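Visitor: These protein sequence lines map, in sequence, to chains Y and A.
Here this note's numbering is used: the first residue of the first sequence is 1181, the next is one more, and so on.
Here this note's numbering is used: the first residue of the second sequence is 174, the next is one more, and so on.
Cβ coordinates follow ideal geometry from the N, Cα and C atoms, glycine included.
For clarity, every value in this text was computed on a predicted model and none was experimentally measured.
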Amino acid sequence: MPLLSLKDAVARHVRDGQTLALEGFTHLIPFAAAHEVLRQGRRDLHLVRMTPDLVYDQMIGAGCARALTFSWGGNPGVGSLHRLRDAVENGWPRSLAITEHSHAGMATAYTAGASRLPFGLLRGYAGTDLPAVNGQIRSVTCPYTGESIATVPALRPDVTILHAQRADRRGNVLLRGIVGAQREAALAATTLLVTVEEVADDLQSDLNAFVLPHFVVTAVSQVPGGAWPSYAHGYYARDNAFYQEWDEIARDRATFTAWMDRHVLGTTDHAAFLRSLQAARPAEVAGGDGR
Amino acid sequence: MSAPPWTADEMMTVAAARLLWDGCVCFVGIGLPSAAANLARQTHAPGLVLVYESGTIGSRPDVLPLSIGDGELAETATAVVSLPEIFAYWLQGGRIDVGFLGAAQIDRFGNLNSTVIGDYASPRTRLPGAGGAPEIATHAKRTFVLLKQSPRSFVPRLDFRTSVGFGDGGGSRTRLRSPGQGPQAVITDCGLLKPEPLTGELRLVALFENVGVEAARKATGWPLDVADPLEALAPPTDEELRVLRDLQERTSRAHRRPVPLPV
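(1) For the region 274 to 284 of chain A and the region 1445 to 1465 of chain Y, state whether three or more C-beta atom pairs, one from each stretch, are separated by less than 8 angstroms.
(2) Cα separation between residue 1435 (chain Y) and residue 1429 (chain Y)?
(3) Using only CA atoms, which one of Y:1287, Y:1294, Y:1298 lies nearest to residue 1304 (chain Y)?
(4) Taking only runs of the beta strand (DSSP E) that begin and end inside the region 187 to 272 of chain A, which ones reach a length of at least 3 residues, in chain order?
(5) My output table needs one value for residue 1416 (chain Y): the three-state DSSP class, helix, strand or coil.
(6) Since residue 1227 (chain Y) and residue 1242 (chain Y) should fall inside the 8 angstroms C-beta cutoff, what is the C-beta to C-beta distance between them, to a whole number of angstroms?
(7) The region 1195 to 1226 of chain Y: which residues have C-beta closer than 8 angstroms to a C-beta of chain A, in chain order?
(8) Within 9 angstroms (strictly less), CB to CB, does residue 1469 (chain Y) reach chain A?
(9) Would you kindly work out how many angstroms separate the C-alpha atoms of residue 1316 (chain Y) and residue 1264 (chain Y), rounded to a whole number?
(10) Using DSSP with H/G/I as helix, E/B as strand and the rest coil, what is residue 1197 (chain Y)?
(11) What is the DSSP secondary structure of residue 422 (chain A), reduced to helix, strand or coil?
(12) Does DSSP put residue 354 (chain A) in a helix, a strand or coil?
(13) I need the DSSP call for residue 185 (chain A), collapsed to helix, strand or coil.
(14) Within 10 Å of its beta-carbon, does residue 418 (chain A) have 16 or more other beta-carbons around it, so buried, or fewer, so exposed?
(15) Have a look at residue 1253 (chain Y) and residue 402 (chain A) and give me their C-alpha separation to the nearest angstrom.
(16) If you compare alpha carbons, which of Y:1380, Y:1338, Y:1409, Y:1343 is closest to residue 1196 (chain Y)?
(17) Consider the Cβ of residue 1455 (chain Y): report whether some Cβ of chain A lies at a distance smaller than 9 angstroms.
(18) The beta strand (DSSP E) spanning residue 398 (chain A) covers which residue range?
(19) Look up residue 360 (chain A) in the DSSP assignment and give the residues it is bridged to.
(20) Suppose the cutoff is 8 angstroms on Cβ atoms and the five residues either side in sequence are ignored; what does the same chain contact list for residue 197 (chain A) look like?
(21) Which of the three DSSP states is assigned to residue 1432 (chain Y) in this structure?
(22) Using a Cβ-Cβ cut-off of 9 angstroms, state whether residue 234 (chain A) counts as contacting chain Y.
(23) Using only the alpha-carbon positions, how far apart do residue 1202 (chain Y) and residue 191 (chain A) sit?
(24) Name the DSSP beta bridge partners of residue 299 (chain A), please?
(25) Hey, is residue 243 (chain A)'s beta-carbon within less than 9 angstroms of any beta-carbon in chain Y?
(26) Between residue 317 (chain A) and residue 357 (chain A), is the Cβ-Cβ spacing less than 9 angstroms?
(27) In the region 193 to 215 of chain A, which residues sit with their C-beta less than 8 angstroms from some C-beta in chain Y, listed in chain order?
(28) Thinking C-alpha only, which one of Y:1394, Y:1453, Y:1299 is nearest residue 1346 (chain Y)?
(29) Who are the neighbours of residue 390 (chain A) on chain C, taking C-beta pairs under 8 angstroms?
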């Protein structure tokens, strides 16, 4: 498990056309890695994520995705993901093929992928229109009871990318707090890249802690602040004010493109991205008052 | 009639909070449901167990979360579990007493659309989609729906059926083998609707004061079934409004507060 710079990790392991899952349910969303994928100009990606969130709004709006598999595509508590909507409603900047699940369906599909099963089962989707628009949602008859149970095919991303709080020098990775479907998305993938807040000699994990052992981790990159504007529990809070600001930034194609050009594509790495945002903030906001 | 000294959102939130009982295990979404559940917890139901779909069980937040996974939900929780676990063991496992749902459209059988307005392949408005809703609608022992009433939202035919209430009516829900009892209350800015036990069709059973039955009919895209007599929903009390407004004020201050960049 090599400790790599994020630039090297993405350059070595992310290819055009791949299926990529950047997971993290509200918490620990790997924004820095997404931005690096954009800086390196990867194209034609199939993006997989339960909640596209701002991270995929940015990637879709930047035109790197040909397809999206998801289960809830909004800006939580704020409203629409305007770039996602523009792609689905108007094909801008390119058309986007969507495969749509419920959260339970997608969690089940990741679990099947992690278990190397061809499909997963759930008691769900019955009576809804989702199977009519997603042909992957089917059913089997239970061999014991005769009941019809919904099935979803396993999700097997080429590359899953996560952000976590800490790794040790062997590459064991520790996550704390809301952990979403990260374990399943990690183990379902062929390649697992992780960015972390810090690399330490000792993981300092409790028994039963959420640890991804080094032999399933392809590369670890230390990227402090790598989940901003989502959060890393114990390190920094979710920037709810920015999630609200995003509504304005992303509503308009030109405003969005200018923001991405200036802060993401116009910077060399995540530290420079954060500095560029800091410089754009009014002084009284830049200081902040903690949380 | 003059406008009352509270908003429609406040009225709906208070009415929803009153439907929750002490000790009830409640699966909460963001927005009005989260406000209602936390209002109930801070008034008549201190033992209410809030379960957020991000996997936090027993959260006791001091301010309302902006997202379903704000850090405070985890910090104040009894337990934090993964998403596959929350959906498989806790929701599908039948541990949830009440699930709250919202939507863009509802039909007369309490089925919900949160996916698209217009045609799926070329939608007029692309909505966020299913999220946890279809399985909450299936598995929670009962669901409460919060939705403002208008001909655009109370429609004769959904553009897309994201979550099932009573399906096509009659015994349709039973035939789908959905374990939960389905939508047992729909709280709107007009009043309260409940399903007719045999058909599953929603019936207006109570009105807020200041709302007339004709207004409710006009706000409904199908011929509305109205109970006789209609009950009146008691207006929010001073105490309920005080607690709710305090909560909203703390929340809005917290969400606007600048967070220093992690530079």
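Guide: The relevant details are as follows:
(1) The region 274 to 284 of chain A and the region 1445 to 1465 of chain Y do not touch, with fewer than 3 CB-CB distances between them shorter than 8 angstroms.
(2) Residue numbering aside, residue 1435 (chain Y) sits at position 255 when the first sequence is read from its first letter. Residue numbering aside, residue 1429 (chain Y) sits at position 249 when the first sequence is read from its first letter. C-alpha separation (whole angstroms): 6 angstroms.
(3) Here residue 1304 (chain Y) is taken as the residue at index 124 of the first sequence, counted from 1. Considering only alpha carbons, the answer is Y:1287.
(4) Segments of the beta strand (DSSP E) lying fully in the region 187 to 272 of chain A: 198 to 201, 222 to 225.
(5) Against the first sequence, residue 1416 (chain Y) aligns to sequence position 236. Strand at residue 1416 (chain Y).
(6) Translated into the one-based positions of the first sequence, residue 1227 (chain Y) becomes position 47. Translated into the one-based positions of the first sequence, residue 1242 (chain Y) becomes position 62. Rounded, the Cβ-Cβ distance is 11 angstroms, inconsistent with contact.
(7) 1205, 1206, 1207
(8) Taking the first residue of the first sequence as 1, we reach residue 1469 (chain Y) at position 289. Note on residue 1469 (chain Y): pLDDT 40, under 50, position unreliable in the model; no value is reported.
(9) Taking the first sequence and counting its residues from 1, the one referred to as residue 1316 (chain Y) is at position 136. Taking the first sequence and counting its residues from 1, the one referred to as residue 1264 (chain Y) is at position 84. About 22 angstroms.
(10) For the purposes of this step, residue 1197 (chain Y) is taken as the residue at position 17 of the first sequence. Residue state, collapsed to three classes: coil.
(11) Taking the first residue of the second sequence as 1, we reach residue 422 (chain A) at position 249. Here residue 422 (chain A) sits in helix by DSSP.
(12) Residue mapping note: residue 354 (chain A) aligns to position 181 of the second sequence, counting from 1. Reduced to three states, the DSSP call for residue 354 (chain A) is coil.
(13) Start at 1 with the first residue of the second sequence, and residue 185 (chain A) comes out as number 12. In this structure, residue 185 (chain A) counts as helix in the three-state DSSP scheme.
(14) Taking the second sequence and counting its residues from 1, one reaches residue 418 (chain A) at position 245. Exposed.
(15) Sequence index remark: in the first sequence, residue 1253 (chain Y) carries index 73 (1-based). Sequence index remark: in the second sequence, residue 402 (chain A) carries index 229 (1-based). Cα to Cα, residue 1253 (chain Y) sits roughly 42 angstroms from residue 402 (chain A).
(16) The residue you call residue 1196 (chain Y) lines up with position 16 of the first sequence. Measuring from the Cα of residue 1196 (chain Y), the nearest candidate turns out to be Y:1338.
(17) Residue numbering aside, residue 1455 (chain Y) sits at position 275 when the first sequence is read from its first letter. Output row for residue 1455 (chain Y): interface = yes.
(18) For the purposes of this step, residue 398 (chain A) is taken as the residue at position 225 of the second sequence. That run of the beta strand (DSSP E) goes 398 to 406.
(19) One-based indexing of the second sequence puts residue 360 (chain A) at position 187. In the DSSP assignment, the residues bridged to residue 360 (chain A) are A:319, A:365.
(20) Position 24 of the second sequence, counting from 1, holds the residue named residue 197 (chain A). The residues are 218, 221, 222, 270, 271.
(21) Reading the first sequence from its first residue, position 252 is the one you call residue 1432 (chain Y). When DSSP states are grouped into helix, strand and coil, residue 1432 (chain Y) belongs to the coil group.
(22) For the purposes of this step, residue 234 (chain A) is taken as the residue at position 61 of the second sequence. No, its Cβ sits nowhere closer than 9 angstroms to a Cβ of chain Y.
(23) Counted from its first residue, the first sequence places residue 1202 (chain Y) at position 22. Counted from its first residue, the second sequence places residue 191 (chain A) at position 18. So the alpha carbons of these two residues sit roughly 40 angstroms apart.
(24) The residue given as residue 299 (chain A) occupies position 126 in the second sequence. A:289, per the DSSP bridge assignment.
(25) What you label residue 243 (chain A) is simply residue 70 of the second sequence in a count that begins at 1. So yes, residue 243 (chain A) belongs to the interface.
(26) As a first step, residue 317 (chain A) is located in the second sequence; it is residue number 144 there, counting from the start. As a first step, residue 357 (chain A) is located in the second sequence; it is residue number 184 there, counting from the start. In contact: residue 317 (chain A) and residue 357 (chain A) (Cβ atoms closer than 9 angstroms).
(27) 203, 204
(28) Residue 1346 (chain Y) sits at position 166 when you count from the first residue of the first sequence. When each option's Cα is compared against that of residue 1346 (chain Y), the closest is Y:1394.
(29) Absent here is chain C; the protein component of the structure consists of chains Y and A.
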